[in-house]
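Scroll down for the structure; my scribbles are underneath it.
2 protein chains.
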Amino acid sequence: QVSELTTNRLSVYLRCLNELDAAGVQTISSQALAEQFRLNAAQIRKDLAYFGEFGVRGVGYYVKDLRRHLRQILGLDRRLRVVIMGAGNLGLALADYPGFRQEGFEIAALFDIANEKIGHGSRGGVPIHDIRELKPLARRDRFDIAVIAVPAPHAQPVVDQVIAAGIKAILNFSPGALKVPAEVKLKSVDLTVSLESLSFYLAQGETG
Amino acid sequence: QVSELTTNRLSVYLRCLNELDAAGVQTISSQALAEQFRLNAAQIRKDLAYFGEFGVRGVGYYVKDLRRHLRQILGLDRRLRVVIMGAGNLGLALADYPGFRQEGFEIAALFDIANEKIGHGSRGGVPIHDIRELKPLARRDRFDIAVIAVPAPHAQPVVDQVIAAGIKAILNFSPGALKVPAEVKLKSVDLTVSLESLSFYLAQGETG
Ligand SMILES: NC(=O)c1ccc[n+]([C@@H]2O[C@H](COP(=O)([O-])OP(=O)(O)OC[C@H]3O[C@@H](n4cnc5c(N)ncnc54)[C@H](O)[C@@H]3O)[C@@H](O)[C@H]2O)c1
Ligand SMILES: NC(=O)c1ccc[n+]([C@@H]2O[C@H](COP(=O)([O-])OP(=O)(O)OC[C@H]3O[C@@H](n4cnc5c(N)ncnc54)[C@H](O)[C@@H]3O)[C@@H](O)[C@H]2O)c1
Chain A
1 QVSELTTNRL
11 SVYLRCLNEL
21 DAAGVQTISS
31 QALAEQFRLN
41 AAQIRKDLAY
51 FGEFGVRGVG
61 YYVKDLRRHL
71 RQILGLDRRL
81 RVVIMGAGNL
91 GLALADYPGF
101 RQEGFEIAAL
111 FDIANEKIGH
121 GSRGGVPIHD
131 IRELKPLARR
141 DRFDIAVIAV
151 PAPHAQPVVD
161 QVIAAGIKAI
171 LNFSPGALKV
181 PAEVKLKSVD
191 LTVSLESLSF
201 YLAQGETG
Chain B
209 QVSELTTNRL
219 SVYLRCLNEL
229 DAAGVQTISS
239 QALAEQFRLN
249 AAQIRKDLAY
259 FGEFGVRGVG
269 YYVKDLRRHL
279 RQILGLDRRL
289 RVVIMGAGNL
299 GLALADYPGF
309 RQEGFEIAAL
319 FDIANEKIGH
329 GSRGGVPIHD
339 IRELKPLARR
349 DRFDIAVIAV
359 PAPHAQPVVD
369 QVIAAGIKAI
379 LNFSPGALKV
389 PAEVKLKSVD
399 LTVSLESLSF
409 YLAQGETG
């Protein structure tokens with residue numbers, strides 16, 4: 001079982017390799033990678049060794065090769081289709097963010113229950129469907145990840161609809177604990193908790 | 209040095225106590241708290257013991273007391289003023305989110321460089337100022353936390369302006385590594401990395 005701390009590091013390594021590849025660098029050692037991006041060389045070797053043999057003795061890593069392997073490990077070698085539940089303030093901001101598409105995540109659709117939103121779209125043209133259409137649309141097209149951006153009281157029922165539609169990965173923004181079956185991966189982002197951890201440091205007079 | 213994992217748990221305990229207080233519960237043991245909210249009783253005792261003597265032998269914790277102590281530890285016993293750099297898609301969605309105010313975070317102002325935005329406000333009435341006014345406004349009013357919601361190439365210069373204005377805690381949404389001096393606490397939320405960790409689980413066929 002690979003921890004989220006590990007997958008977050010893999011994402012960081014991928015960004016570094018994207019930069020090196022764009023700069024035309026062919027090979028790099030774990031030592032040089034660590035120094036250039038302020039990482040830990042031993043941790044890089046340990047993380048990568050878990051997934052296979054990528055380094056070449058005396059050479060280091062081939063940048064293009066390692067980048068392709070990391071994209072495969074993270075599942076980014078295919079186009080991931082994301083749907084957003086809730087076409088409100090947050091849902092619409094996420095829908096129109098060009099950064100997701102650049103990293104291989106396509107925002108396929110928004111879903112809502114408000115009649116005045118259904119049938120319209122975000123400023124960037126992502127369509128807003130009736131959430132009752134989620135299941136038939138999910139059967140027709142493949143949806144890999146669902147983002148939950150509905151008010152807290154609606155979150156659990158909406159998550160149940162997402163799971164019933166066969167979606168196995170959920171990024172949740174609504175506060176409160178959600179229940180999902182074992183085969184579904186749920187990641188919650190609680191922005192208030194992030195603010196509270198900053199407030200803690202201010203209150204304790206601690207430094208970063 | 210208290211880790212972010214610990215402060216995140218303190219936030220979770222505070223939410224549990226808010227719920228118990230609202231339900232009129234007077235006292236609770238660490239055991240009952242763990243069972244009711246699916247937490248770990250030993251971890252609760254260890255976390256709280258670090259900050260002081262809160263439990264009473266044979267009784268457990270007084271709910272109102274512990275809630276007040278946790279708010280104090282997290283620095284929520286005073287009103288925290290937050291400013292948002294970048295009145296774009298994300299900045300405006302964050303500015304109008306009522307959940308922050310409910311938890312004690314007041315969104316005081318937005319700052320931007322675009323002339324067509326300066327002098328206006330978010331839908332909820334948060335004013336948009338010229339970022340060149342940040343330093344004089346920060347001297348007049350207290351700003352505790354700055355949120356960074358500007359495009360990546362502008363993030364480091366904007367962070368430098370925030371630090372020059374005397375703000376010591378930063379919640380950053382723009383991708384890429386930012387440099388801050390030791391006395392400033394920086395927390396970055398990278399939504400693409402969150403999506404990549406979900407993609408990893410889908411690719412590995414693992415379960416949560
Ligand atoms: N806006 C933010 O910056 C922010 C920050 C942190 C957390 N959140 C959380 O994100 C969620 C969304 O916040 P928001 O500010 O966008 O709220 P919002 O009220 O602007 O939007 C919510 C949308 O969800 C829709 N909706 C309600 N019930 C639904 C259902 N059963 N099925 C489908 N759609 C439904 C509504 O019609 C509305 O369009 C909330 O849970 C909030 O706590 C938002
Ligand atoms: N929108 C999202 O859902 C989302 C998701 C993840 C990450 N992000 C990150 O958040 C940031 C903002 O994203 P967005 O979608 O809101 O972008 P946006 O382009 O909609 O808004 C950016 C705003 O920043 C302002 N700005 C630019 N330079 C500035 C400067 N020097 N000082 C003050 N203001 C300045 C612009 O005028 C604009 O109003 C980006 O770094 C993006 O990568 C956004």
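Protein chains in written order, with our numbering: chain A, 1 to 208; chain B, 209 to 416. Cβ atoms here follow ideal geometry from the backbone N, Cα and C, with glycine treated the same way.
Using a C-beta cutoff of 8 Å, does residue i count as contacting chain A?
i      : result
B/P419 : This structure cannot settle anything about residue 419 of chain B, because the visible part of chain B is limited to 209 through 416.
B/N380 : no
B/I353 : yes
B/N248 : no
B/D338 : no
B/K376 : yes
B/T415 : Residue confidence is low: B/T415 scores 39 on pLDDT, short of 50, so the model does not pin down where it sits. Its coordinate-derived value is still stated next. Taking Cβ atoms only, chain A reaches closer than 8 Å to B/T415, which makes this a yes.
B/G294 : no
B/T400 : yes
B/N323 : no
B/L318 : no
B/F313 : yes
Answer yes or no: do residue i and residue j have a C-beta to C-beta separation smaller than 8 Å?
i      : j      : result
B/F421 : A/L74  : Residue 421 of chain B lies beyond the residue range present for chain B, which begins at 209 and ends at 416; the question has no answer from this structure.
B/V358 : B/V366 : yes
A/I148 : A/M85  : yes
B/G312 : B/R287 : yes
B/K325 : B/A303 : no
B/L278 : B/L218 : yes
A/A93  : B/A301 : yes
A/V63  : A/V25  : yes
A/I295 : A/V180 : No answer is possible for residue 295 of chain A: it lies beyond the span of chain A, which begins at 1 and ends at 208.
B/D285 : B/A316 : no
A/N18  : B/Y305 : no
A/V189 : B/V397 : yes
Are the C-beta atoms of residue i and some chain B residue less than 8 Å apart?
i      : result
A/L17  : no
A/Y50  : no
A/Y201 : yes
A/V189 : yes
A/A32  : no
A/N8   : yes
A/Q185 : Note on residue identity: the sequence assigns Lys, not Gln, to residue 185 of chain A. With 8 Å as the cut-off, A/K185 counts as an interface residue toward chain B.
A/D96  : yes
A/L100 : Contrary to the premise, residue 100 of chain A reads as Phe rather than Leu in this sequence. Closer than 8 Å to some Cβ of chain B, the Cβ of A/F100 qualifies, so yes.
Per DSSP, which residues does residue i bridge with? Please list them.
i      : result
A/E4   : Answer is none; A/E4 lacks a bridge partner.
A/E53  : Paired residue(s): none; A/E53 is not in a bridge.
A/P127 : A/G121
B/L288 : B/F313
B/D320 : B/D338
B/T400 : According to DSSP, B/T400 bridges with nothing at all.
B/I236 : B/Y269
A/A146 : A/V83, A/I170
B/L394 : B/I378
According to the neighbour-count rule (16 or more other Cβ atoms, all chains shown, within 10 Å of its Cβ), is residue i buried or exposed?
i      : result
B/R331 : exposed
B/A372 : exposed
A/Y50  : exposed
B/N380 : buried
A/V126 : buried
A/A114 : exposed
A/H129 : buried
B/V264 : exposed
B/L170 : This structure gives no information on residue 170 of chain B, because the portion of chain B shown stretches from 209 to 416.
B/D320 : buried
B/S238 : buried
A/S174 : buried
A/V59  : exposed
A/K185 : buried
A/D160 : exposed
A/S194 : buried
A/G205 : exposed
A/A22  : exposed
A/R5   : The displayed chain sequence assigns Leu, not Arg, to residue 5 of chain A. Exposed.
B/N248 : exposed
B/G384 : exposed
B/G299 : buried
A/E106 : exposed
A/A155 : buried
A/A182 : exposed
B/E404 : buried
A/D47  : buried
A/T207 : Residue confidence for A/T207 is low, a pLDDT of 39 falling below 50, so the modelled location carries little weight; the figure read from the coordinates is stated next. Classification for A/T207: exposed.
Can you determine whether any heavy atom of ligand 3 sits closer than 7 Å to the C-beta of residue i, and answer yes or no?
i      : result
A/H129 : Looking at this structure, you won't find ligand 3 anywhere; what it does contain is ligand 1 and ligand 2.
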